[in-house]
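Undergrad:
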């Protein structure tokens, strides 16, 4: 949908198959997704040249982003670590966090985004693991 969440709490669950990364990214309603083909990562350098996307992502900035400097945050189900970035000088990958646990195929991972408090909480099989950011 074209809806942009700006306040409140929002929860989603994901059935794990393989080892996906699950997370959030700032709203970018004008982003031309077709320009990225089938390969677009919001965080990290999975292949050379990926940082060329960062200026495009930052160009989508709007007043709705507020003062926050974290533009994307994700949970890596395969090892339980987290990543976040400001698409500028800071990209943190493989960060350990309190409550960190990996997930296997068949597990259910829940993500609770609290926009009022600015937190992203991870759940595994209905058990709270902890807060990513």
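Residue numbers (this note's numbering): 323 to 455.
In this text, a Cβ means the ideal position worked out from N, Cα and C, and glycines have one as well.
Just so it is clear, the structure is predicted and the values come from calculations on it, not from any experiment.
(1) Here's the rule I'm using: 16 or more other beta-carbon atoms within 10 Å means buried, otherwise exposed. How should residue 328 be labelled?
(2) Does the Cβ of residue 333 have 16 or more other Cβ atoms within 10 Å, making it buried, or fewer, making it exposed?
(3) Take residue 406 as the anchor and find which of 391, 330, 399, 400 has the nearest alpha-carbon.
(4) To which residues of the same chain is residue 352 closer than 7 angstroms at the C-beta, ignoring the five residues directly before and after it?
(5) Quick one, which of 357, 409, 341 has its alpha-carbon nearest residue 380's?
(6) Report the rounded CA-to-CA distance for residue 389 versus residue 453, giving the unit in angstroms.
TA: The structure says:
(1) For the purposes of this step, residue 328 is taken as residue 6 along the chain shown, with counting starting at 1. When all chains shown are included, residue 328 counts as exposed.
(2) Along the chain shown, read from residue 1 onward, the residue named residue 333 stands at position 11. Answer is exposed; the Cβ neighbour count stays below 16.
(3) Here residue 406 is taken as the residue at index 84 of the chain shown, counted from 1. Among 391, 330, 399, 400, the Cα nearest to that of residue 406 belongs to 391.
(4) Indexing the chain shown from 1 puts residue 352 at position 30. In chain order, 382 place their CB closer than 7 angstroms to the CB of residue 352, counting only its own chain and leaving out the 5 sequence neighbours on each side.
(5) Translated into positions along the chain shown, residue 380 becomes position 58. Considering only 357, 409, 341, the residue with the shortest C-alpha distance to residue 380 is 409.
(6) The residue you call residue 389 lines up with position 67 of the chain shown. The residue you call residue 453 lines up with position 131 of the chain shown. Taking the straight line from one Cα to the other gives about 20 angstroms.
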